[in-house]
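Take a look at the structure below.
Residue numbers (my numbering), protein chains in the order written: chain A, 2 to 478; chain B, 26 to 248.
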């Protein structure tokens, strides 16, 4: 019988004790595995959130939010310095506006432009609103709140968004596909426009057709599809064109700087913040991601410490058990040494005994890990869910008072594109929806932990074994 | 030939130094059956520990078959004990998790004897000491004291040692069984030409050995 089989047999000398030790070890290893599973799941989530964000930086007027009473205007001149920042590969500047259809009636409600000198457009919105002001109608769950109460005007049509942009290939951060015609140049001040397929269909437009806006005739250069009803209610023109048409020379609503690599995102953000100072709020996707995953990082820290604690607890349990066993078998160790057994052989037996207990514990621990991994992860993450959601709240569409450089205050409408990147990515919606996976890697880690526990736990007993003198055997009990 | 010269063994007990063996010189020719007698605490077991290389003397030398045991290092002593010395203890000291057969095979395993040979030799020895075949596969807990001591004797003989040291081998046995065990030891020593040193306080048993050494307060005395 070799030391391995003797070690295994020794582990079962006292079945009640073995069962108790294995159960306690199983709980310890199970907790270790649960923490490991939770840690890996959270880690994967953090990585997916970060990888879904991209290397862009949002630039908005300082204090820009729907609730504020006044905001500073952001201008093309102000942003010129951003283009010179190291690692900024491109800068997309946009100006948002909304126009009502000529001849339609608009209630005074909380979206739409407030003071554009009565400019209108000949276009009719393709968006259908089947809601009434009193909550009746097809979609009675939705209501339009009208200042002072009352009903929607009978000839009401939704206002149409006009987007002036230096990058006509995107609407509110989403790429568009040109279905017919061609795109326009974002930097050229022309009266060319892009309309959506829905808009073209609703207004019987084709490439080369004309329509009016701001009392000016615009020509359809291309027809696009953005894939969303909201974005399809947008007319795209170049930034200089909208600045001229809307009488907002030099103004922009927002800008997005793209950095050449994710590694340079943080440095470029800091550089832009330094350039713009108090004129703008500069938020990188990295900042948003960091804020978003902050609660998950806390969970990760908790799981790491719990993992270390659980492994240490398992090691201490084995250590105490093995110390107790060595003390109990001191005479037997002496006998084995007296009849020719070496320290190494005896230590091997005890190591195998310790390993047997740890591996049995690991099997039980594995079941606990499989069963407990998901619920424990959910419990740990659920506490951070609300704060995580709070981190990704961003302004929706609406009117914002803007203070122009000349001191005049006017209202600016916006499409609520800021902060949408995270929400669009889908990574954030699933922040609390973390799925655990137990693969071979985790199983091996679990058994690895068992081996570590066994080795650490039997280290002290090995030292004790080496000190047992064979003459111990001569002493009678 | 076993030769011990000027053996001294001192222990530290708190602030006091206890001399368990004091200037002991003795020699035992090969194949002799000798006994060491003395009162409890006279140093009999200490002397046996020194002769069996279980402990190192404070001074003096022990030469067995021309080899000075006291100069050996720990790892050499392990091999020496395994191959050259057999031990029989008062309380048997069998490994409780192993069967009688496995207990006898254990010293041979340490001496790297091939397994088939181990099984054959162990079975033969257990038959010689009078163990029934069904008892060979029992663990010590299911054997009587006499049967356990027979297994211990078989284990001591496993590697055909030159020297067997027995510490009160009949101390835990009734008179009849004790006599049988003693006779067994005697017979085997004759058969295997093994030198046997028995520690006992039973003067009747001591009287049957080839030579008796008397110990008093750690010193060898003539009577």
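Yeah, the Cβ is synthetic: ideal placement off N, Cα and C, and Gly gets one too.
At least 8 Å separates the CB of residue 198 of chain B from every CB of chain A. Below the 7 Å Cβ cutoff, chain B contributes 120 as neighbours of residue 333 of chain A, in chain order. In the three-state scheme derived from DSSP, where H, G and I count as helix and E and B as strand, residue 328 of chain A is classed as helix. Residue 20 of chain A has a beta carbon lying at 8 Å or more from every beta carbon in chain B.
Between the region 180 to 200 of chain B and the region 111 to 126 of chain B, the count of C-beta pairs closer than 8 Å reaches three or more; the two stretches touch. With a minimum length of 4 residues, the unbroken runs of alpha helix (DSSP H) contained wholly in the region 188 to 238 of chain B fall at 200 to 217 and 228 to 232. Annotation for residue 166 of chain B: 121 place their beta carbon closer than 7 Å to its own, counting only its chain and skipping 5 residues before and after. Between the alpha carbons of residue 463 of chain A and residue 25 of chain A lies a distance of about 22 Å. In this structure, residue 31 of chain B and residue 85 of chain B form a Cβ contact; the two beta carbons are roughly 4 Å apart against a cut-off of 8 Å.
Taking the C-beta atoms as reference points, residue 82 of chain B is found no nearer than 8 Å to residue 137 of chain B. The closest CA to that of residue 361 of chain A, considering only A/307, A/315, A/333 and A/372, is found on A/315. Judged by beta-carbon spacing, residue 62 of chain A lies beyond the 8 Å limit of residue 201 of chain A, meaning their Cβ atoms are not closer than that value. Under the DSSP assignment, residue 44 of chain A falls in the alpha helix (DSSP H) whose first and last residues are 16 to 52.
In the DSSP annotation of this structure, the continuous segment of the beta strand (DSSP E) that includes residue 257 of chain A starts and ends at 255 to 260.
Along the region 126 to 140 of chain B, going in chain order, the ones with a CB nearer than 8 Å to a CB of chain A are 127, 130, 131, 132, 134, 135 and 136.
In this structure residue 200 of chain B is not in contact with residue 55 of chain B, their Cβ atoms being roughly 31 Å apart against a cut-off of 8 Å.
Contact of residue 227 of chain B with chain A is not assigned, every C-beta pair being separated by 8 Å or more.
In the structure shown, residue 127 of chain B falls within a helical segment according to DSSP collapsed to helix, strand and coil. Distances from the CA of residue 227 of chain B to each of B/180, B/192 and B/41 were compared; the closest alpha carbon is that of B/192. In terms of CA proximity to residue 30 of chain A, A/359 leads the group A/177, A/239, A/101 and A/359.
As the crow flies, the alpha-carbon of residue 10 of chain A is around 11 Å from that of residue 16 of chain A. Here the region 166 to 179 of chain A lies against the region 91 to 100 of chain A, with 3 or more beta-carbon pairs under 8 Å apart. From the listed residues B/98, B/189 and B/148, the smallest Cα separation to residue 77 of chain B is found for B/189.
According to the DSSP assignment, residue 62 of chain A belongs to no alpha helix (DSSP H) but to the beta strand (DSSP E) extending over 57 to 62. Residue 348 of chain A has a beta carbon lying at 8 Å or more from every beta carbon in chain B. Per DSSP, residue 446 of chain A is one residue of the alpha helix (DSSP H) stretching across 441 to 468. Within the region 184 to 242 of chain A, complete beta strand (DSSP E) segments of at least 3 residues are found at 193 to 197, 211 to 214, 217 to 226 and 235 to 239, given in chain order. Contacts between residue 73 of chain B and chain A, judged by CB atoms closer than 9 Å, involve 475 in chain order. In the structure shown, residue 112 of chain B adopts extended strand secondary structure according to DSSP, grouped into three states. Annotation for residue 281 of chain A: the continuous beta strand (DSSP E) segment containing it runs 281 to 285.
Assigned with DSSP and collapsed to three states, residue 157 of chain A falls in coil, not helix or strand. Shown in chain order are the members of the region 87 to 114 of chain B whose Cβ falls below 9 Å from a Cβ of chain A: 99, 100, 102, 103, 104, 105, 106, 107, 108, 110, 111, 112 and 114. In this chain, the alpha helix (DSSP H) harbouring residue 78 of chain A covers 77 to 81.
Contact annotation for residue 11 of chain A against chain B: 122 [CB-CB distance below 7 Å, chain order].
With respect to residue 382 of chain A, residue 435 of chain A sits close: the two C-beta atoms are nearer than 8 Å. Distance from the CA atom of residue 147 of chain B to the CA atom of residue 39 of chain B, rounded to whole angstroms, is 45 Å.
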